[in-house]
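Working notes, beginning with the structure itself.
In the UniProt record's numbering, the protein residues as written are 1 to 345.
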């Protein structure tokens, strides 16, 4: 049995979902893969909870019940400060799971957390897009030089194994990628089309339902989708920089634009595109013919169309959500454990 000690940095929706899944599926993973994941440390913005021999399934479920930013209340394992070095010294983790919020200005704290993990010889699984969008090559090169893994399947279409599929296309040349890559903005547009409401009202509905953050600027300004394009560009070997992705804001879309598009036989969608031949990327508001496949993608669904020298591939799936993203994170954890173990299943 391969015991895998995990520290989780960031304990919001995804972090809590990850802890629950580890608690509920630990026995299944042990029986199926011979991998026993245990969470030995958790940190949020205000404190940490540390247990060297790993939290029990019951303790993980109870930990998920603490208030937001309340990990420092989880006695008797709580610490009223955040010090990742202290945590590492106490538990000696095998895998660092980075779930802090994305910061596209300097990438912190995620970037420093990942670099620290590498400095300690620890593998990384991240759902935080910012460090990869800003420093992909540096992080991948550092991991390679230290014979470490960095996995990030959950960063793009978190509920769908898109990155795994793209990396499997070893003999095909990817010429173009187009996609609906942001669940929040797609939900907003769906509401505007279905209920004939203005952008602001659709956004409020998204916030009430938890689809949109209190500050949704990363979504509606196209930065989230742009970051995903940058990550995909690196994965396929056609790297573009985040600053080079041309972005339009979704907030400019008015109800009258939606009504006019419908009358003309179109649907308005927020499309992210990467042209590998020109090394150009953009996130734009586009009118899509009603019969187009992208016009059928509604609510929080995401979709990606990949054009290769062989043909076209089309994928549809959940773009994110706590449970879906957490499953992708755990898949990466298991993949690393099997790789280190020498099992290629």
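Virtual Cβ for every residue (Gly too), placed ideally from N, Cα, C.
- Please determine if the region 142-158 and the region 312-332 are in contact, where contact requires at least 3 C-beta pairs separated by less than 8 Å. yes
- Message: Give me the DSSP bridge partner(s) of residue 273.
- Response: Reading the chain shown from its first residue, position 273 is the one you call residue 273. DSSP output for residue 273 lists 178 and 282 as bridge partner(s).
- Query: Where residue 187 and residue 289 are concerned, what is the direct C-alpha to C-alpha distance, given to the nearest angstrom?
  - Reply: Taking the chain shown and counting its residues from 1, one reaches residue 187 at position 187. Taking the chain shown and counting its residues from 1, one reaches residue 289 at position 289. C-alpha separation (whole angstroms): 18 Å.
- Message: DSSP three-state label for residue 345, please.
- Response: Mapped onto the chain shown, residue 345 falls at position 345. Because the pLDDT at residue 345 is just 49, under 50, the model does not fix this residue reliably, and the value given afterwards should be weighed accordingly. It is coil, neither helix nor strand.
- Message: Cutting at 8 Å between CB atoms, please list the residues of its own chain near residue 212, excluding the five before and the five after it.
- Response: The residue labelled residue 212 in the question sits at position 212 within the chain shown. So the qualifying residues of the chain are 184, 187, 188, 203, 206 and 219.
- Could you check what DSSP says for residue 228 in three-state terms: helix, strand or coil? Working through the chain shown from its first residue, we reach residue 228 at position 228. It is helical.
- May I have a chain-ordered list of the alpha helix (DSSP H) segments no shorter than 4 residues that lie completely inside the region 94-131? 110-119
- Query: residue 228: which of 80, 95 and 134 sits nearest, CA to CA?
  - Reply: Locating residue 228 in the chain shown gives position 228, counting from the first residue. Comparing Cα-Cα distances from residue 228 to each of 80, 95 and 134, the minimum goes to 134.
- Could you pull out every unbroken beta strand (DSSP E) segment of at least 3 residues lying fully inside the region 7-69, listed in chain order? 35-43 and 48-50
- Got a sec? Which residues, its chain only, sit under 7 Å from residue 277 by beta carbon, not counting five neighbours each side? What you label residue 277 is simply residue 277 of the chain shown in a count that begins at 1. Once the five neighbours on either side are set aside, the close Cβ partners of residue 277 are 175.
- Message: On the DSSP bridge list, what partners appear for residue 313?
- Response: Locating residue 313 in the chain shown gives position 313, counting from the first residue. The partner list for residue 313 (beta bridge, DSSP) reads 306.
- Message: Here's the rule I'm using: 16 or more other beta-carbon atoms within 10 Å means buried, otherwise exposed. How should residue 246 be labelled?
- Response: Working through the chain shown from its first residue, we reach residue 246 at position 246. The residue in question, residue 246, is exposed, as its Cβ has fewer than 16 Cβ neighbours within 10 Å.
- Message: Give me the residue from 59, 120 and 282 with the minimum Cα distance to residue 75.
- Response: Within the chain shown, numbered from 1, the residue matching residue 75 stands at position 75. Ranking 59, 120 and 282 by Cα distance to residue 75 puts 59 first.
- Limits of the unbroken alpha helix (DSSP H) element including residue 173: Your numbering for residue 173 matches position 173 in the chain shown. Premise fails: residue 173 is in no alpha helix (DSSP H) and is neither H nor E.
- What's the gap between the Cα of residue 107 and the Cα of residue 131? The residue given as residue 107 occupies position 107 in the chain shown. The residue given as residue 131 occupies position 131 in the chain shown. Rounded to the nearest angstrom, the two C-alpha atoms are 5 Å apart.
- Report buried or exposed for residue 1, applying the criterion of at least 16 other Cβ atoms within 10 angstroms of its Cβ. Counting from 1 along the chain shown, the entry for residue 1 is found at position 1. Residue 1 is exposed by the Cβ-count criterion.
- Query: Would DSSP call residue 78 helix, strand or coil?
  - Reply: Within the chain shown, residue 78 is the residue found at index 78, counting from 1. Note: residue 78 maps to strand in three-state DSSP.
- Message: Contact between the region 279-289 and the region 139-153 is defined here as three or more beta-carbon pairs at a separation below 8 Å; is this criterion met?
- Response: no
- Item | Under 8 Å between C-beta atoms of residue 333 and residue 163 | Counting from one through the chain shown, the residue named residue 333 turns up at place 333. Counting from one through the chain shown, the residue named residue 163 turns up at place 163. Not a contact, by the Cβ cut-off of 8 Å.
- Sort 88, 169, 321 and 236 by Cα distance to residue 50 and report the nearest one. By 1-based counting over the chain shown, the position of residue 50 is 50. For residue 50, the nearest C-alpha among the options comes from 88.
- Burial state of residue 153, where buried means 16 or more other Cβ atoms lie within 10 Å: Stepping through the chain shown from its first residue, residue 153 is reached at position 153. Flag for residue 153 reads buried.
- Taking all protein chains shown into account, do 16 or more other C-beta atoms lie within 10 angstroms of the C-beta of residue 18, making it buried, or fewer, making it exposed? Within the chain shown, numbered from 1, the residue matching residue 18 stands at position 18. Looking at its Cβ environment, which holds 16 or more other Cβ atoms inside 10 Å, residue 18 is buried.
- Task: Tell me where the alpha helix (DSSP H) around residue 217 begins and ends.
- Result: In the chain shown, the residue the question calls residue 217 occupies position 217. Counting along the chain, the alpha helix (DSSP H) containing residue 217 begins and ends at 217-220.
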